[in-house]
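In structure tokens, the structure reads:
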């Protein structure tokens, strides 16, 4: 392994004093909040007051908001009902249920970053950029991420709340305005309002705070974590049955559409069933 | 870090030839089956014919048998519906849904190992050992793992099938017979038949094959993996909606029993809602 | 599925207003901090000032303190170097690296809860309880969790810091004092100082805050999450090589001690190597 | 939730007889091998002899071949050293360490599928298609996946072995030959041999077997699982220390390059350090 492939890290110095970006961990503990700690880890500096408040908005906009129907809560509950002995497994597993279908500010953020880079490179205005990227996206048979919500046709309240806080704290910048133009263009071509949903609003606010798209998925997941922990505790404590809970219920949830009963060819049956009887 | 703390490994030599317990990987590929490879990894030697057949029984006794209601399938589907972009996340997450409630041969195997060690140490017979460990377990308010199944009051067919194959291939040894005695004793004191279920039968067969209890959970999970992969493929391909699928459905699955609507104290509302209107 | 098996939840009402323990989510966003949100999710009520400050101490005592040598950071880096495309996988995987060896306040908390229940049931004093539980633990060949640290023989600074904050905010109660007595007893019988380490101090402070042992592992993990996210970002951005980074390095980390080269028996070689040549 | 959104499944019927694509599970157990079970789950039909042999080649080409330096083994070991209590966590976590950098037949398979669809649509020959897709890929600043290996400049033996078996069993079809042409074109433009590596050879053989690209990552992971289980067992049994093993070792592996020691501004220090002394 070549010398240059060794990892270097700017995050923490593993010595007695445990420096976190230069600050002794012990000096931080008891003097900063978890919100400040999060900002420090992700940006390398402590936040000013407005940066901190904006980050807290992002961290609290999704706390268990979707309840039992959330992808993450569903997953946490499914693991917890089986693996009651190690709650950390349910928490870790639930962290995996974020992607382009839900909990996906990363995808929108990358989309906006790319559109913004294109706008700068081409020297276009916001509206022209929006036209071009929306057209381009539709040509590829894709959709612009972060817009519209099935349950909130006139606007996701979480997105509206993020935006009103962003205005208050001064985090409506060029990327947000470009995304506004993109949202307007998508609304125009699809002939119905397509305002940002929670993913879209989180994504642009995250970019305005200076975060990289790649950490926005994990940051969103961080905000949902306390709710997931509560759900896992509830599942383990409340469900005393010896069997797992079956959330996917055949009364409403699914049906079998595979082949009907068939049997192995005779010559494959080397070990016939003796004590087990198949029902016919 | 002291020298003695460096890991040593007997499993594989990472060189051009990739030795697996001494065998060149390239000689194995194309000449052994995956069942043989599994045995080699877990025991350090290739299996004889009966050992291989018995291992194949264990690896095929649970293939997607529980369908959509399985803890693992539920989990895989919940992750896949959210994170369609990385199917490996759904597969990895589903691996976490094994524990003492389901998919748990490890717990039974450890129980039998302990009972067996106790029998040998005390020089007791099987029936006396069974009486003692069952009494002891009940005193601690616990239950003997691996016995009984809610859906199969007279016997889990998968357990019966494992046992009939174990008899055929010569894997009914002292640990199996001790567990039979324990099953009989539990049936006696609980006044209903408590035969081994799939976990119990898998556990003792795994011990007779010489596996350590700690690998029996992962080995069981290995057997369910192909079914889980199929479920993830089906979920990603068949569900075209832009939203996640909500498996936990409020029509039948749950209800909210928390506090009714309340509001933050006035002094806490520093940023009042302007554009968002709460429904009353 | 019986009616009584349906999950009930006190956490969140999945309606337009998204009640979190009764509070409209939109009223919380922008008006509470993430520390408050965490407390609300885990206790069902908002914290008073001292409860909040104490929780913030717990959430900030471990932020990336162990650096690259942490179990969680190691895991996150190992996954990120392979799976650069889905950072959420590295974050979810790192959540799994908490157990009785590290990051384990859950084990200590359960130990203290059991000792405390025993003390109350038997009507003993702290010192007598400590004697009894320490003796009992040693008889079982186990060790009392949460005491001592290889690198800090005279005291883990993170534990000392947690304690001095607990004194300041009024969270030194009976369980903490009982654990003090247990620590003194372990020190006496092992003839060297065995003060609480970060796990032990976190565990008793968590109990004094009224948290259940089963959520303390996940709560500890929550505190380490921002550091892990930073590590994953650094790993993905800094390591441009097309191959994975090999952290387990044979220059110092391991050696092969398995069988030397051997070959399959002739009759097993049905598909001889033609284009692949084994080195001798 | 609309009726049409209910999942349907063709995989398994969750009834007493547990049909797997129509076959009673109990008839399968004891009569088919795990390789056959895997094929059945993934294709819906039992394999013929050649299909089975080819699948076994894929499942055995990577068994613990990379040893301790593998991304998956590294991850499994890192989790196991921390979380000794739940080996399933280490196994599940290791499943996440597959991506475009390693263990990635899915990426190559998708690339080949797209190239093949382009060839058919445009009515081109293999060489012309190869020219076009390689040029296109390079223009986008990307590289063709699955070609070349740092350690095996003249050819990855695992890829060569997969190919010689594919020839023997009749699985060298149009997609394989197209990928050959692509490999030749990449070699030409990069002026060094760029033959398929294990990912590339696995990918095209998987396509020839009729598997969808999206399951090839999980299928590859399945083949590595037995080796990972063995590694986890070894880690848990052999490492008796009370502390975690630190695989990322500062003697060779990393260095801190962040800010040097700095302190919080005076006004931020509300809770000064009393019992904790920072080293200067």
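Protein chains in written order, with the working numbering: chain F, 281 to 560; chain Z, 281 to 560; chain W, 281 to 560; chain X, 281 to 560. Each residue gets a CB set at the ideal place from its N, CA and C atoms; glycine is no exception. Predicted, not measured: the structure shown is a model, and the values here were computed from it.
| Query | Result |
| --- | --- |
| With burial defined as no fewer than 16 other Cβ atoms inside 10 Å of the residue's Cβ, what is the status of residue 455 of chain Z: buried or exposed? | buried |
| Please name the residue in F:472, F:392, F:551 and F:421 whose C-alpha comes closest to that of residue 493 of chain F. | F:392 |
| Ignore the nearest five residues each way along the sequence and tell me which others in residue 283 of chain W's own chain have a CB closer than 8 Å to its CB. | Annotation note: pLDDT 41 at residue 283 of chain W (below 50); position unreliable, coordinate value reported separately. Excluding sequence neighbours, residue 283 of chain W sits near nothing in its chain. |
| Label residue 540 of chain Z either buried or exposed according to how many other C-beta atoms from any shown protein chain fall within 10 Å of its C-beta, with 16 as the threshold for buried. | exposed |
| Report the partner residues of residue 300 of chain F according to the DSSP bridge assignment. | F:292 and F:303 |
| Run through DSSP, which three-state label would residue 383 of chain W get? | coil |
| Hey, quick one: how far does the alpha helix (DSSP H) through residue 561 of chain Z stretch, first residue to last? | The question about residue 561 of chain Z has no answer here: the residues shown for chain Z are numbered 281 through 560. |
| Closer than 9 Å, Cβ to any Cβ of chain W: which residues of the segment 370-392 of chain F, in chain order? | 370, 371, 372, 373, 374, 375, 376, 377, 378, 379, 383 and 386 |
| Is the beta carbon of residue 460 of chain X closer than 7 Å to that of residue 388 of chain X? | no |
| Looking at chain Z, is there any beta carbon in it that lies within less than 7 Å of the beta carbon of residue 494 of chain F? | no |
| How many angstroms separate the CA atom of residue 550 of chain Z from the CA atom of residue 317 of chain W? | 16 Å |
| According to the neighbour-count rule (16 or more other Cβ atoms, all chains shown, within 10 Å of its Cβ), is residue 420 of chain X buried or exposed? | exposed |
| Mind listing which residues of the segment 426-460 of chain F have their C-beta closer than 7 Å to chain Z's C-betas, in chain order? | 430, 437, 440, 441, 444, 445 and 448 |
| Against chain Z, does residue 566 of chain X count as a neighbour if the rule is that its beta carbon must be under 7 Å from one of theirs? | Residue 566 of chain X lies beyond the residue range present for chain X, which begins at 281 and ends at 560; the question has no answer from this structure. |
| Roughly how far, in whole angstroms, is the beta-carbon of residue 502 of chain F from the beta-carbon of residue 339 of chain F, given that I think they are within contact range, below 8 Å? | 7 Å |
| Flag residue 409 of chain F as yes if its beta-carbon sits less than 7 Å from any beta-carbon of chain Z, otherwise no. | no |
| Quick check: the segment 427-445 of chain F against the segment 296-312 of chain W, are at least 3 beta-carbon pairs closer than 8 Å? | yes |
| With residue 348 of chain F as the anchor, note down where its alpha helix (DSSP H) starts and where it stops. | Looking at the DSSP string, residue 348 of chain F is not in any alpha helix (DSSP H), and its letter there is neither H nor E. |
| Would you check if the distance between the CB atom of residue 386 of chain X and the CB atom of residue 496 of chain X is smaller than 7 Å? | yes |
| Taking the alpha carbon of residue 333 of chain W as the reference point, which residue from W:536, W:289 and W:450 has its own alpha carbon closest? | W:450 |
| Roughly how far, in whole angstroms, is the beta-carbon of residue 511 of chain F from the beta-carbon of residue 368 of chain W, given that I think they are within contact range, below 8 Å? | Going by Cβ atoms, the distance from residue 511 of chain F to residue 368 of chain W rounds to 18 Å, so no, they are not a contact pair. |
| Within its chain, find whatever has a CB closer than 6 Å to the CB of residue 416 of chain Z; leave out the 5 residues flanking it on each side and keep chain order. | none |
| Could you tell me which of F:329, F:396 and F:401 sits nearest to residue 410 of chain F, measuring between CA atoms? | F:396 |
| Residues in its own chain within less than 6 Å of residue 281 of chain W by CB, not counting five upstream and five downstream? | Because residue 281 of chain W carries a pLDDT of 34, less than 50, the predicted location of this residue cannot be relied on, and no value is offered for it. |
| When the Cα atoms are used, what is the spatial distance from residue 243 of chain W to residue 326 of chain Z? | The structure shown does not extend to residue 243 of chain W, since chain W spans only 281 to 560, so no value can be given for it. |
| Between the segment 498-525 of chain X and chain F, which residues of the former have a C-beta closer than 9 Å to a C-beta of the latter? | none |
| In terms of residue numbering, what span does the alpha helix (DSSP H) encompassing residue 340 of chain F cover? | 329-340 |
| Which class does residue 511 of chain F belong to by DSSP, given the choice of helix, strand or coil? | helix |
| Where does the unbroken alpha helix (DSSP H) through residue 319 of chain F begin, and where does it stop? | 314-323 |
| Take residue 374 of chain F and list the residues in its own chain whose beta-carbon comes closer than 6 Å to its own, dropping the five residues that flank it on each side. | 352, 355, 356 and 508 |
| State buried or exposed for residue 529 of chain F, treating a residue as buried only when at least 16 other CB atoms are found within 10 Å of its CB. | buried |
| Where residue 230 of chain X and residue 361 of chain Z are concerned, what is the direct C-alpha to C-alpha distance, given to the nearest angstrom? | One cannot answer for residue 230 of chain X here, as it falls past the ends of chain X, which runs 281 to 560. |
| For residue 482 of chain X, return the contacting residues in chain W, with the cut-off set at a CB-CB distance below 9 Å. | Neighbours of residue 482 of chain X on chain W: none; closest Cβ ~15 Å, over 9 Å. |
| Verify whether the separation of the beta carbon atoms of residue 523 of chain F and residue 430 of chain Z is less than 7 Å. | yes |
| Please classify residue 400 of chain F as buried or exposed, where buried requires at least 16 other C-beta atoms within 10 Å of its C-beta. | exposed |
| Can you tell me whether residue 288 of chain W is buried or exposed? The criterion is at least 16 other CB atoms within 10 Å of its CB, across all chains shown. | exposed |
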